[in-house]
Amino acid sequence: MSSSSDSVSFRQALSSGRFVYGAEVVTTRGFTPPGTPNQVQDLAAALLADPRIAWVSITDNPGGAPMLPPDWLGRLLWDQRQRVVIHMTCKDANRNALEAAAWRYAAEGFDNILALTGDYPTIGFGGVADPVFDLDSVGLITLLRAMNQGLRIPGRRGGSETLPPTHFYIGCAVSPFKRYERELVPQYFKLLRKIRAGAEWVIPQLGYDMRKFHEVKLFLAARGLQVPVIGNVYVLNRTVAGMFHSGKLAGCVVSDSLMEEVQKQAASPDKGRKFFRELAAKQLAVFKGLGFAAGYLGGIAKPESFFEIIDLAESYGENDWKDFLREIQYAQPGEFFFFEHDPDTGLSSPDRVNREYLASLKNPPRSRHVTLGYRFSRFVHGFAFERGKGIYGLLARLYRRWDRKPTFLSRLAYWLEREAKHLGYGCQDCGDCSLPDCAYLCPLASCSKHSRNGPCGGSAGGLCELLDKDCFWARVYERLKYYGESERMFEGPVVFYDARLKHTSAWANTYLERDHAGRPPEGVPPAPSAAPDPQKPPAPPSPPGGT
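In terms of numbering that gives the first Met the number 0, the sequence shown is residues 0 to 546.
This is the structure:
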């Protein structure tokens, strides 16, 4: 195996303008006993020995199951560390543990990070594990960018000190395979937030509709963002397709029409092997034809299977991908697309945003989520909690007085706050309230991952990843859209919850500017806050073509 200094890094490969391939490697629950061949290490090493494989990507407890950490395998591939991407997820570790892991990766020379919120835990020793989700993907990206800029921390003798900068190449995910507008549009807007926070490359989650994959590139191009996008391919079989179809693997979508085809092909003598391999190879060919930076292959355990699919993809004619993209459009019934369909190409039109969507922005439809309680909350917020308006100044002076000298009235006010907010919003008394950030829905009470910065990718059919309630951020979106505010839903600073405020008065913390809205966390670098304009005519991207 060549040394890291002799090979092209993942960062260089993505920016080379040449279509390259990546491979997913999943570690195991449990270790390989001494003297036994390590199949995971052998797989990764064999993949990196092929010059067509630009990188291997090592997962972090996928599906919410405990496995060997990604840097365990990375250290076994240390000579090729610049061709290794480490997944970081937020489900099993708080921000301090994530920062510590990031320092370890930086010290070991692992600079390529895919920052993810992570799947909700599904198993665990003695029962299902309690998830953490102290940060989400946006918060993690912001942390990594702050480390790249030289993290500012409190100094030992007062003041602050700046730590040596890291060199992380930060990636993020987006989930375009959403059936409804209320799920998809927040995904796209959150993608912009991730890029503003510091993400430098993008990989969509799994689906089997090339038009939807292409929409990610169109959306970014419409906002003037030239960010490498990696096409994601997972080689199916009947079992995996059934899990994707049922929603058991968060963010992975197999539609009814594709599942029907899978059942038919799986009944053949080879159990569909030829069909599944060809489907993956055709996807890779389409990604190359559409100008994606790379194709990423997962769902394979043998290196020869990776190479077989790549060989097949490269055997197709120069323009065959144009036929394949029409063939691989397994959309969900009534699925929402952000751009209008172009019958000439079979893709979405780069210069025409969905007309019904644009019309609905001017005349938003009624929503069952726009309740009387929400309307009242907006009124109270504007009257009492919006800086510089209504009685905000009066209450700020009152709470400053109570802060200096607590009284029976201050304790009574806190009791009334707790009871009223618990009754109205299911308040968990976190002390650092995000009701104004989330259209007066409580993320601790109503979001399984407590996300304050936008939706995860796990929703299915408008439901939460756990399939037990409506997606929290879909509800937020419908509320904001009704008031013409949906396009600005993520324009504010990234929200970091301050646990020091737990079980204290959120009203007091607002008026005393102790919460996240009043005082940004120390060490967080500023980021542009320009909001996306969904009505802005998108600039046509360059014509797709093979590279």
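Each residue gets a CB set at the ideal place from its N, CA and C atoms; glycine is no exception.
Subject >> F382 to I390 span [Cα, whole Å] >> reply: 6 angstroms
Subject >> Supposed contact pair F176 and K211 - C-beta distance, whole angstroms, cut 8 angstroms >> reply: 6 angstroms
**OP:** Can you check DSSP and say which residues form a bridge with T161?
**Re:** R151
Original post:
Are three or more beta carbon pairs between the segment 421-432 and the segment 502-515 nearer than 8 angstroms?
Top reply: yes
Subject >> Coil, strand or helix - A22 by DSSP >> reply: strand
Original post:
Looking at the unbroken alpha helix (DSSP H) that takes in G244, where does it start and where does it end?
Top reply: Looking at the sequence shown, residue 244 is not Gly but His. Run containing H244: R237 to S245, per the alpha helix (DSSP H) assignment.
Original post:
What three-state label does DSSP hand V352 in the structure shown?
Top reply: strand
Subject >> Check whether V127 and V83 have beta carbons under 8 angstroms apart >> reply: no
Original post:
For D436, does the three-state DSSP call read helix, strand or coil?
Top reply: helix
**OP:** Check whether the Cβ of D431 lies closer than 7 angstroms to any heavy atom of the ligand SAM, and answer yes or no.
**Re:** Among the ligands in the structure shown, none appear at all, so the ligand SAM cannot be discussed.
Original post:
Cα separation between K480 and R365?
Top reply: 10 angstroms
Original post:
When you compare only the Cα positions, how much space is there between D514 and R499?
Top reply: 10 angstroms
Subject >> Given 8 angstroms, three or more beta-carbon pairs between the segment 164-175 and the segment 103-117 >> reply: yes
Original post:
Where do the N-terminal and C-terminal ends of the alpha helix (DSSP H) with D341 fall, by residue?
Top reply: Note, D341: premise wrong, no alpha helix (DSSP H); beta strand (DSSP E) at F338 to D341.
**OP:** Measure how close the beta-carbons of I140 and G63 come, nearest whole angstrom, since I'm counting them as under 8 angstroms.
**Re:** Not really, about 21 angstroms apart at Cβ, beyond 8 angstroms.
Subject >> Reference M488; option with closest CA among F495, R410 and V475 >> reply: V475
Subject >> Option in A412, Y329, P68 and R80 with minimal Cα separation from R178 >> reply: Y329
Original post:
What's the gap between the Cα of E307 and the Cα of L217?
Top reply: 31 angstroms
Original post:
How many angstroms separate the CA atom of P33 from the CA atom of L75?
Top reply: 15 angstroms
**OP:** Please report the Cβ distance between D135 and S450, rounded to the nearest whole angstrom; I am assuming they are in contact, meaning their Cβ atoms lie under 8 angstroms.
**Re:** 5 angstroms
**OP:** Measure the C-alpha to C-alpha separation of S458 and A145 and round it to an integer number of angstroms.
**Re:** 29 angstroms
**OP:** May I ask you to report which of helix, strand or coil DSSP gives M209?
**Re:** helix
**OP:** Please go through the same chain and pick out, in chain order, the residues whose beta-carbon is closer than 6 angstroms to the beta-carbon of E23, but skip the five residues on each side of it.
**Re:** S56 and G297
Subject >> Straight-line Cα distance separating K321 from S314 >> reply: 15 angstroms
Original post:
In whole angstroms, what is the alpha-carbon distance linking G223 and H380?
Top reply: 35 angstroms
**OP:** Using a threshold of 8 angstroms, state whether the C-beta atoms of N93 and D59 are closer than that.
**Re:** no
Subject >> Nearest to G271 (by Cα), restricted to the options G294, K301, Q282 and A240 >> reply: A240
**OP:** Compute the distance between the beta-carbons of V234 and I299, then report whether it is under 8 angstroms.
**Re:** yes
Subject >> Candidates V493, F335, Y510 and F407, of which the one nearest P519 by Cα >> reply: V493
Original post:
Whose C-beta lies closer than 8 angstroms to the C-beta of I122 among residues of the same chain, with five residues either side of it excluded?
Top reply: G63, A64, P65 and A128
**OP:** Label F407 either buried or exposed according to how many other C-beta atoms from any shown protein chain fall within 10 Å of its C-beta, with 16 as the threshold for buried.
**Re:** exposed
Subject >> Anticipated Cβ contact below 8 angstroms, C441 with G425, distance rounded >> reply: 5 angstroms
**OP:** Look at the alpha carbon of A12 and the alpha carbon of R80, and state the distance between them as a whole number of angstroms.
**Re:** 14 angstroms
**OP:** Determine, using beta carbons only, whether G21 and A312 come nearer to each other than 8 angstroms.
**Re:** no
**OP:** Would you tell me roughly how many angstroms separate the C-alpha atoms of L183 and K273, rounded to the nearest one?
**Re:** 33 angstroms
Subject >> Residue environment, E464, which counts as buried when at least 16 other CB atoms sit within 10 Å >> reply: buried
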